[in-house]
Structure formats: structure tokens, C-alpha cells
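Below is one structure; the comments refer to it alone.
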Amino acid sequence: MKTHFILIISTFLMLNSCKTEKKEVKSETAIEETETTSKTNDWVYLFDGSTTEGWRAYNAEDLPPQWVIEDSTLTFDTEKRTEENRKGGNDIIYAAEEYDNFELAWEWKIPEGGNSGMLYHIQEGDWSIPEVSPEYQMLDDFKWEEINDAI
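Going by this note's numbering, the first residue of the sequence shown is number 1, and it counts up by one from there.
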């Protein structure tokens, strides 16, 4: 009798451990609500797609005129570019608010042959920005070289 009892309990435990749990499947609406909630609670959006509020130039209070919004994208208008705009880093823009510890995510695109970058931990002053600020380089390696006759 004792052997039968142990055999029955062992079989029950073995079969019970093989049972798969049904996973709760979230509906599309629930997933969207979760994503929206996490976005609004966890992230600080630096660009709203419609205004340049919260952005400024290096060593300046305002955004340079060559930075414009096109199709909900903050972009550099090369037609408005002059050497004067580049002096002192005035073609470089960043968030007016300062952040210390952060996780940064962004979407970007550059034109064929483009050369751009994302600087962070910028320090203002009269020095060259690349000397004092790390940069994530965004470069069309092949076309940039071809356009600029690089070796």
C-alpha cells in the first residue's frame, strides 16, 4: 500500500511539473497603453516635432536660423549656412536644459555624403567643442570620402 501511495504521488508530481502555463496575451490596446504610459513616465522628450522650444546654440541663448523644422524633423538648412554661422560653434545646437545621468535614444538620418554627430556633456567656452565634449559620429563613410576627395 505504501509503495502504491508513493507511486501515485510521484506520478502526480511528475505530471503536474510537466504542465505548461498559459501565458496571458495582451491586447493591442493594452500594449499601446503600456507603451504610452512608460513613455510619458520615464522619458524626457527633447523635441516635440513642431517647435524648437528648449533648444539653443553653443554659447548662445537662441537657436541659429539655419536650424528649421521640416516634416516634424529638426534639420539643418544648408541653404542658410554661412561661415559666420560656424564661428564659435554657432552651428551646434543642444538642449537648453542640462542633464547629468541619462539614457539617450534618438532617430537620425543624414544625406548622402553627410557628416554629423551627437555631442554630449558639452562645456561652453572659447575652446573647440571636440576637445571638451565626447561625440557620437554619424558619417556616410563611402560617399563622404568620395565627395570630399578624402584619401
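Just so you know, even glycine gets a beta-carbon here, dropped at the ideal spot from N, CA and C.
Just so it is clear, the structure is predicted and the values come from calculations on it, not from any experiment.
In this structure, the beta-carbon distance from L119 to Y94 falls below 9 Å.
The continuous beta strand (DSSP E) containing W55 extends over residues 55-57. In this structure, D141 keeps its C-beta atom at 9 Å or more from the C-beta atom of P111. Distance from the CA atom of T73 to the CA atom of G49, rounded to whole angstroms, is 6 Å.
Annotation note: the segment 98-134 contains the following uninterrupted alpha helix (DSSP H) runs of length 4 or greater, listed N- to C-terminal: 129-132. Within the same chain, G117, M118 come within 7 Å of Y136 by CB-CB distance, once the 5 residues on both sides are set aside.
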